[in-house]
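Presented below is the structure to which this report refers.
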Ligand code: ATP
Ligand code: MG
Ligand code: MG
Ligand code: MG
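Residue numbers (the UniProt record's numbering): 4 to 468.
Structure below.
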């Protein structure tokens, strides 16, 4: 018989049949007559209990089955008498695939700190917590593709190696070329790198937006979903140097529809999590964040607040006047820090907020300018616990305005001539936004550090594995 996933056994409960399971031992206990193994195969947070009648097995053979070992079990699936679980397997044959020496296997005791687990990122998927988080990561990716597919968006691949710094923030990783087998060296023997991409300057993408825009102006509605790189040389619980971004771009919609799309999109993902990740959510809720499930449900009920940046700043200034202390100063023209964003969401409105019409000086060159000459049609979606989860805007579709703004902000024409072309030929009103995948995951898993929702976090001094 072939392997059945433990999740399916719990779901279908084919009691009284012979089954085969393979997985990793979480714990082992027992007495002289009977042994119990809690086995996990990654398909569910729930462990399958393997019951071993010690009359039938050679003790010596079973000795190496300790926490972390991988085993292959044939046996009979029966209803469990024990509390808290509904099925177990009476073992008939056990084969050991791989042992894990109790003296050196790091995941012995329960309750390791998140910091410690980050140091063993190669093993942490074997813990309950990271099993749950990474299953949810998968489900959220499926939710995203399904949402856009259902709405007739095309999944469009934008390049990872590119010359454009679309955010103008200069947080880029430069691409260098080298031939490992023909390294050029200077007189001291140090390697000389070519600081370019075959003779041209290039870096890793900070956003697929500009390329997605030109796709939208040919295919109507598209989205990208891929790795994004920013040289964030700081340590915050919300920034990674390598993260994944979802960027829809839609022709013929203006800012109001863009906001609605963002709200519908996040709610769709949250509902998907509640529907498809019940056991994992319950685990994370009970283990880390007692308010998690309730918070997810309440986001579905509430309509997001829509508010201008100017009104938002007024609320924050009022709070300061009433004695609320912020670390960073707040005034019209300042970029909001996450403490400001969270104040609006968590203290003032108590639900998600979409802030619009930011001062043009603190936003990128491509955003559509309002008639007041001071603000642009930007929108940031602000979430509890996180702050900014989405940044988006209606894009400037007017060639002259875009050209002039790019020039004012020091974006070289030679870098964006192809982008300007979209406004020269058949321009159209259009809008889009970027959602940080890991920030969405922070929200739906209740984790508090962005390093704990991506398998291999890339942050300063952290690129080993
Ligand atoms: P922040 O203000 O938090 O630095 P940003 O305004 O620089 O974010 P945008 O350029 O608007 O970010 O990118 C769109 C989205 O991508 C953000 O709303 C956020 O969800 C996500 N994001 C941006 N930078 C990072 C990062 N370094 N790590 C993880 N997610 C990020
Ligand atoms: Mg930033
Ligand atoms: Mg921002
Ligand atoms: Mg932003």
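For each residue, glycine too, the CB sits at the ideal point set by N, CA and C.
Residue i: CB within 7 Å of a non-hydrogen atom of ligand 3
i           : result
residue 391 : yes
residue 449 : no
beta-carbon residue i near ligand 1 non-hydrogen atom, thresh 7 Å
i           : result
residue 290 : no
residue 242 : yes
residue 216 : no
residue 33  : no
residue 210 : yes
residue 442 : yes
residue 248 : yes
residue 78  : no
residue 170 : yes
residue 134 : no
residue 266 : no
Residue i: CB within 7 Å of a non-hydrogen atom of ligand 4
i           : result
residue 2   : With the chain covering only 4 through 468, there is no way to say anything about residue 2.
residue 294 : no
residue 383 : yes
residue 394 : yes
N- and C-terminal bounds of the alpha helix (DSSP H) containing residue i
i           : result
residue 277 : 258 to 279
residue 312 : 312 to 324
Endpoints, beta strand (DSSP E) assigned at residue i
i           : result
residue 56  : 51 to 56
residue 25  : 21 to 33
residue 396 : 390 to 397
residue 93  : 90 to 101
residue 360 : 356 to 362
residue 224 : 224 to 232
residue 186 : No beta strand (DSSP E) holds residue 186; DSSP gives it neither H nor E.
residue 77  : 73 to 82
Proximity winner among the options, relative to residue i (alpha-carbon distances)
i           : options            : result
residue 466 : 391, 207, 245      : 245
residue 363 : 329, 377, 28, 356  : 377
residue 182 : 198, 280, 409, 456 : 198
residue 367 : 405, 330, 335, 159 : 405
residue 52  : 23, 440, 180       : 23
residue 354 : 297, 360, 394      : 297
residue 285 : 327, 128, 247, 449 : 449
residue 232 : 173, 270, 101      : 173
residue 218 : 37, 254, 38        : 254
residue 32  : 45, 141, 69, 273   : 69
residue 300 : 313, 278, 29       : 278
residue 313 : 294, 64, 456, 347  : 347
For residue i, the three-state DSSP class (helix, strand or coil)
i           : result
residue 373 : coil
residue 37  : strand
residue 407 : helix
residue 305 : coil
residue 134 : helix
residue 14  : helix
residue 341 : helix
residue 451 : coil
residue 203 : strand
residue 63  : helix
residue 414 : coil
residue 110 : coil
residue 243 : coil
residue 149 : helix
residue 174 : coil
residue 419 : helix
residue 43  : strand
residue 465 : strand
residue 104 : coil
For residue i, the residue or residues it bridges with in DSSP
i           : result
residue 439 : 248
residue 125 : In the DSSP output, where bridge partners are listed per residue, residue 125 has none listed.
residue 434 : 253, 397
residue 383 : 358, 394
residue 158 : 226
Cβ-heavy atom distance, residue i to ligand 6, below 7 Å
i           : result
residue 466 : This structure lacks ligand 6; the ligands present are ligand 1, ligand 2, ligand 3 and ligand 4.
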